[in-house]
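Enquirer:
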Amino acid sequence: MNRLETRGVLLFLALAALAPLVITDQFFIHVMVMVFFYAILASSLNLTVGFVGELSLGHAAFLGIGAYASAILSTEYGLPALACIPVAGLLAALAGLVIGLITLHLEGHFFVLITLAFAEVLRLIVNNWIEVTRGPLGFSSIPPPRLSIGGHVLMDFSSRVQFYYLALAVLAVTIGVVLLYAQSAFRVGAVAVRENRRLAKAVGIDPFRQALLTFVIGAFLAGMAGSFYAHYITFVGPEVFGFSFMVTMLMMVALGGKGTVLGPLLGALLIGVALEYLRFINEIRLSVFGILLILVTMYLPQGAIGLLAWRRMRKAGIVKVSAVTR
Amino acid sequence: MLELKGVSAGYGPVEILRDVSLQVGEAEVVALVGPNGAGKTTLLKTISGLIRATAGNVVYDGQDLTRASAAVIVGAGIAHCPEERKVWSHMSVEENLELGAYLVRDRGAVRRSLQDIYGEFPVLEERRTELAGRLSGGQQQMLAVGRALMSQPKLVLFDEPSLGLSPILIRQIATIVERIHQRGIAVLLVEQNVDLALRLANRAYVLGSGKVVAEDKASSLRANPSLLKAYLG
Amino acid sequence: MLETALQFILNGIVTGCFYALVAVGLTLVFGMMGVVNFAQGEFFVLGGMLAYVATVQLGLPFYAAIPAVLAIMWVVGMVVDYVLLRPMRDAHMLSTAMVTIGLSIFLLNTMLLVFGAEPKNILSGFSSKPIFMGGLLITQSRLFTIVISVVAIIAVHLLIAKTRVGRAMRAVFQQKEAAALVGIPIDRIYRFTFALGTTLAALSGILLGSVFVASLSTAELTTVKAFVVVILGGMGSFAGAIVGGLLLGLVESLWGGFVSTGYMDVIGFALVIVLLLFRPRGLFGMAEARER
Ligand SMILES: Nc1ncnc2c1ncn2[C@@H]1O[C@H](COP(=O)(O)OP(=O)(O)OP(=O)(O)O)[C@@H](O)[C@H]1O
Ligand SMILES: [Mg+2]
Numbered sequence: 208m209n210r211l212e213t214r215g216v217l218l219f220l221a222l223a224a225l226a227p228l229v230i231t232d233q234f235f236i237h238v239m240v241m242v243f244f245y246a247i248l249a250s251s252l253n254l255t256v257g258f259v260g261e262l263s264l265g266h267a268a269f270l271g272i273g274a275y276a277s278a279i280l281s282t283e284y285g286l287p288a289l290a291c292i293p294v295a296g297l298l299a300a301l302a303g304l305v306i307g308l309i310t311l312h313l314e315g316h317f318f319v320l321i322t323l324a325f326a327e328v329l330r331l332i333v334n335n336w337i338e339v340t341r342g343p344l345g346f347s348s349i350p351p352p353r354l355s356i357g358g359h360v361l362m363d364f365s366s367r368v369q370f371y372y373l374a375l376a377v378l379a380v381t382i383g384v385v386l387l388y389a390q391s392a393f394r395v396g397a398v399a400v401r402e403n404r405r406l407a408k409a410v411g412i413d414p415f416r417q418a419l420l421t422f423v424i425g426a427f428l429a430g431m432a433g434s435f436y437a438h439y440i441t442f443v444g445p446e447v448f449g450f451s452f453m454v455t456m457l458m459m460v461a462l463g464g465k466g467t468v469l470g471p472l473l474g475a476l477l478i479g480v481a482l483e484y485l486r487f488i489n490e491i492r493l494s495v496f497g498i499l500l501i502l503v504t505m506y507l508p509q510g511a512i513g514l515l516a517w518r519r520m521r522k523a524g525i526v527k528v529s530a531v532t533r
Numbered sequence: 259m260l261e262l263k264g265v266s267a268g269y270g271p272v273e274i275l276r277d278v279s280l281q282v283g284e285a286e287v288v289a290l291v292g293p294n295g296a297g298k299t300t301l302l303k304t305i306s307g308l309i310r311a312t313a314g315n316v317v318y319d320g321q322d323l324t325r326a327s328a329a330v331i332v333g334a335g336i337a338h339c340p341e342e343r344k345v346w347s348h349m350s351v352e353e354n355l356e357l358g359a360y361l362v363r364d365r366g367a368v369r370r371s372l373q374d375i376y377g378e379f380p381v382l383e384e385r386r387t388e389l390a391g392r393l394s395g396g397q398q399q400m401l402a403v404g405r406a407l408m409s410q411p412k413l414v415l416f417d418e419p420s421l422g423l424s425p426i427l428i429r430q431i432a433t434i435v436e437r438i439h440q441r442g443i444a445v446l447l448v449e450q451n452v453d454l455a456l457r458l459a460n461r462a463y464v465l466g467s468g469k470v471v472a473e474d475k476a477s478s479l480r481a482n483p484s485l486l487k488a489y490l491g
Numbered sequence: 024m025l026e027t028a029l030q031f032i033l034n035g036i037v038t039g040c041f042y043a044l045v046a047v048g049l050t051l052v053f054g055m056m057g058v059v060n061f062a063q064g065e066f067f068v069l070g071g072m073l074a075y076v077a078t079v080q081l082g083l084p085f086y087a088a089i090p091a092v093l094a095i096m097w098v099v100g101m102v103v104d105y106v107l108l109r110p111m112r113d114a115h116m117l118s119t120a121m122v123t124i125g126l127s128i129f130l131l132n133t134m135l136l137v138f139g140a141e142p143k144n145i146l147s148g149f150s151s152k153p154i155f156m157g158g159l160l161i162t163q164s165r166l167f168t169i170v171i172s173v174v175a176i177i178a179v180h181l182l183i184a185k186t187r188v189g190r191a192m193r194a195v196f197q198q199k200e201a202a203a204l205v206g207i208p209i210d211r212i213y214r215f216t217f218a219l220g221t222t223l224a225a226l227s228g229i230l231l232g233s234v235f236v237a238s239l240s241t242a243e244l245t246t247v248k249a250f251v252v253v254i255l256g257g258m259g260s261f262a263g264a265i266v267g268g269l270l271l272g273l274v275e276s277l278w279g280g281f282v283s284t285g286y287m288d289v290i291g292f293a294l295v296i297v298l299l300l301f302r303p304r305g306l307f308g309m310a311e312a313r314e315r
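So the protein lines, in turn, are chains S, A and R. According to my numbering, the stretch in the first sequence is residues 208 to 533, in order. According to my numbering, the stretch in the second sequence is residues 259 to 491, in order. According to my numbering, the stretch in the third sequence is residues 24 to 315, in order.
1. What are the uninterrupted segments assigned as alpha helix (DSSP H) that are 4 or more residues long and contained completely in the region 220-297 of chain S, given in chain order?
2. Under 8 Å: do the region 365-375 of chain S and the region 299-307 of chain S share three or more Cβ pairs, one atom per stretch?
3. Going straight from the alpha carbon of F496(S) to that of H359(S), what length do you get?
4. Within 7 Å of any Cβ in chain R, is that where the Cβ of S494(S) sits?
5. I'd like to check one pair, V480(S) with P471(S): are the Cβ atoms closer than 7 Å?
6. Taking the straight line between their C-alpha atoms, what separation do you get for I154(R) and V282(R)?
7. A313(A) to R276(A), Cα distance in whole Å?
8. Looking at A46(R) and V252(R), is the spacing between their C-beta atoms short of 7 Å?
9. Taking only the alpha-carbon atoms, compute the straight-line gap between V380(S) and F435(S) and give it to the nearest angstrom.
10. Give the C-beta separation of M72(R) and A237(R) to the nearest angstrom, bearing in mind that I take them to be a contact with Cβ-Cβ under 8 Å.
11. At a cut of 8 Å, does the region 337-355 of chain A reach the region 192-204 of chain R through at least three beta carbon pairs?
12. Strictly below 7 Å CB to CB, what residues from chain A border I183(R)?
13. Going by other Cβ atoms of all chains shown within 10 Å of its Cβ, with 16 needed for buried, is L514(S) buried or exposed?
14. Please enumerate, following chain order, all residues with a beta carbon closer than 7 Å to at least one heavy atom belonging to ligand 2.
15. Quick check on the DSSP output: what are the complete alpha helix (DSSP H) runs of length 4 or more inside the region 456-480 of chain A, in order along the chain?
16. Any beta carbon of chain R sitting closer than 7 Å to that of H348(A)?
17. Can you have a look at G357(S) and say buried or exposed, based on whether 16 or more other CB atoms are within 10 angstroms of its CB?
18. Mind checking if P110(R) is an interface residue toward chain A, Cβ cutoff 7 Å exclusive?
19. Determine the contact status of F379(A) and M400(A), defining contact as a CB-CB distance below 7 Å.
20. Check for me: the alpha helix (DSSP H) holding H180(R) runs from which residue to which?
21. Using a C-beta cutoff of 7 Å, does V328(A) count as contacting chain R?
22. Listing by chain order, which chain R residues have their CB less than 9 Å from the CB of E286(A)?
23. Find the residues of chain C that neighbour F450(S), judging by a C-beta separation of less than 8 Å, and give them in chain order.
24. Which value, in whole angstroms, describes the spacing of the CA atoms of V274(R) and S260(R)?
25. Tell me whether N354(A) sits in a helix, a strand or coil according to DSSP, three-state version.
26. On the CB-based measure, 16 or more other CB atoms within 10 Å of its CB, does N144(R) come out buried or exposed?
27. Comparing the CB of A289(A) with every heavy atom of ligand 1, is any distance shorter than 6 Å?
28. Can you tell me the Cβ-Cβ gap for I128(R) and V454(S), rounded? I've got them flagged as a contact below 8 Å.
29. Along the region 76-103 of chain R, what residues have a CB closer than 7 Å to any CB found in chain A?
30. Is N451(A) close to ligand 3? I mean its beta-carbon at under 6 Å from any heavy atom of the ligand.
31. So, does the region 298-318 of chain A touch the region 360-379 of chain A, judging by three or more C-beta pairs under 8 Å?
32. Please go through the region 337-396 of chain A and give each complete beta strand (DSSP E) segment of 3 or more residues, from N-terminal end onward.
33. Buried or exposed: where does A4(R) fall if 16 or more other Cβ atoms within 10 Å of its Cβ makes it buried?
34. Sort out for me which residues DSSP pairs F155(R) with in a bridge.
35. Thinking just about the alpha-carbon of each residue, which of F67(R), G57(R), T27(R), N34(R) is nearest to the one in K248(R)?
36. By the criterion of Cβ-Cβ separation under 7 Å, what are the contact partners of N60(R) in chain S?
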């Protein structure tokens, strides 16, 4: 975590907070809402993929759990949407705890496969457990949030800008959590785990507990993202558990730069904007994504942020031999 | 016949060997000694093409092998009997030996080498159908040596063949090195057992922290134990 | 009752053959190269789609279409290894996984563009009239599937056990450094193994397409199920992949027949998750726990 990055993050948030004052275009506002949503997801995935160094392909499960929790709680039990968001996060965190306890003991490849299997199991269950999840039909007309004090409605989320600020608020919370994580002892621990498990153990860090904690925090954030998604889109179906969300988040983390705070935001911005504005190339979009993912992994393993940082360092003459990091 | 000129090599960005030059003459036994972590194994791996030299040249019989693949290097006549034996433990003894001659296309020649090795190491013939993993450490070492000889080399690189063996087996290994030598095959011998190495060798190099720190006739090095001690730590 | 059970078992064997063929390639590639190939399900589907093109669009007879498609898929496997995997040989496992994930996304969506989403029939030329064997009935195409799968599995076994290249494969698998030192061209063995895996997955896709239909929607689930099989059977184990594949096919078929069809696809995952709960090192102890 360097100063450049902190400044980048603050700049991102400040610009985002001010943008609707200048730009009122409704489509732009919508695109940015989606970008924020993706940024939350990508940041949460990045905790495990970037900081712990384990590839979790089951992260969409937490998004799905959050989305479904919110859909069920608000449509069937009338829980206010704003209360749903943290509750959904907690439920996802609980799932994260269970899944993490089972999977994080496994060695690299197994972890990848089993997390994917978990998401797949949940998707299949959601598809089949019709009494609770309404099966493939899913939930529609999920109510929007509403903020009122003593019967006086402050915000009813009838306009997109209100969603915009809600998403931004959740994103700010996410970034706050990630920053705290990155700067606290956690990071020392998690990065130690990524670089060298044995070393971590030797200095008294329990790699398993460290990874589990990170995993659960990531699940919590993804659950909140899912809940927000449910209230914004107003529809939730089994596809929230699907691989395509997973791929999108992964792309964002990879393209932006894994293991950094700013990277996932950058990735979400680049890909989120491309996703929404390039709808006309919708059909070939995913094919292009596939190629992009390959190219980025092979030729730009540090992501866009790595490119920036590397340039800077080379200018300053810091990088000589050690540019060979994985 | 083998000449290294200013060779540097390492793993990824980590450079281990710096500017190493050394020679092995026709049918010569050359010892390479040095403390743990000096880079002896790395040097052998560089010669046999498991890792690439980042600078300098490896020349063998007038042929530049610096960038050659491991397969080309074995084909050219350099066999490498690696550290820790590295036999295929889930294959039979005979399969291990036959694989040593992977590049030898002439079936008859392979059979003759096999008979030869069995003559040298009767115990391998006795246990030829058994899985290599079930052999004792010493027998596995013989298997590794036999495998290296199966490629009909003109130069054999040995990496600590005596490691972990009983005195009797160490003597046997010494006999084998001598016999290889008598057949006119050159040997580059890496050994922790400096005494043994210097007894077998004509000349010796001392490697320290990736550099050649001394080079002399084996006999003169043996005659000067205090100097040797200083080098080897 | 017994007859129904036997019928389910027979159906399970057919499905098990599909799983086994896909999983063999996956397990070999994983065991030898340390690569988790997330595009295996796409190779499987591509085999089916090409067989559709060959039999329906080009009008080739089925017996000619099969070798043609397999030959193409062999080349596909070689090219993928050469272009995508070879530069990543020394890379971290995560990076290689990302590359194969990228490939799977690319292949799936490109196939969607080219072939469309609707399932495709492969013209196998078999009559749909079932054959009765005792009280059991089996269609010609299912019988053909079993026969071809058994032949393919035996052929691959012989290839690995008896031939020069097979011996080289085992040598690389067990002890890579020694293999390099005796002159085995590791890179070419990798390419061969990857192409073999690709081709076997495609064969499975062709056979499944001739029994049911070839459908893009099966790609992802196929990959994940093949992983399940590989974990059940032990990573890198050839025999394990066959046994695991048949086991998964049988369990699914029996579960679907006697318990519920809805959760049929879940059962394999449940099996693996439960297995890993009790035996974190996998069924055959091949899995390495993270803390060594
Ligand atoms: N695969 C590797 N990656 C990175 N560094 C390595 C690797 N193998 C060895 N090294 C390092 O290279 C240095 C030289 O190692 P090498 O094995 O060549 O020494 P050696 O002289 O053979 O020692 P020994 O007597 O213990 O066998 C050591 O510092 C070692 O830590
Ligand atoms: Mg050594």
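Ideal placement from N, C-alpha and C gives every residue a C-beta, glycine not left out.
Expert: With the structure as the only source:
1. Contiguous alpha helix (DSSP H) elements confined to the region 220-297 of chain S occur at 233-253, 266-283, taking only those with 4 or more residues.
2. no
3. 47 Å
4. yes
5. no
6. 27 Å
7. 9 Å
8. Taking 7 Å as the Cβ cut-off, V252(R) and A46(R) qualify as a contacting pair.
9. 13 Å
10. 6 Å
11. At 8 Å Cβ cutoff, the stretches touch.
12. Near I183(R) there are no residues of chain A at all, since even the closest Cβ is about 12 Å away, more than 7 Å.
13. exposed
14. K298(A), T299(A), E341(A), D417(A), E418(A), V448(A)
15. 476-480
16. yes
17. exposed
18. no
19. yes
20. 163-185 is the extent of the alpha helix (DSSP H) around H180(R).
21. According to the sequence shown, residue 328(A) is Ala rather than Val. Yes, its Cβ sits closer than 7 Å to a Cβ of chain R.
22. Neighbours of E286(A) on chain R: none; closest Cβ ~22 Å, over 9 Å.
23. Among the chains of the structure shown, chain C does not appear; the protein chains present are S, A and R.
24. In this structure, the CA atom of V274(R) is about 20 Å from the CA atom of S260(R).
25. helix
26. So N144(R) ends up on the exposed side.
27. no
28. 6 Å
29. none
30. As far as ligands go, the structure on display features ligand 1 and ligand 2 and does not contain ligand 3.
31. No, they do not touch.
32. none
33. Nothing about residue 4(R) can be read from this structure; chain R reaches only from 24 to 315.
34. Note: F155(R) is bridge-paired with L160(R) in the DSSP secondary-structure output.
35. Of F67(R), G57(R), T27(R), N34(R), the residue nearest in Cα terms is F67(R).
36. None at all; the shortest Cβ gap to chain S is about 11 Å.
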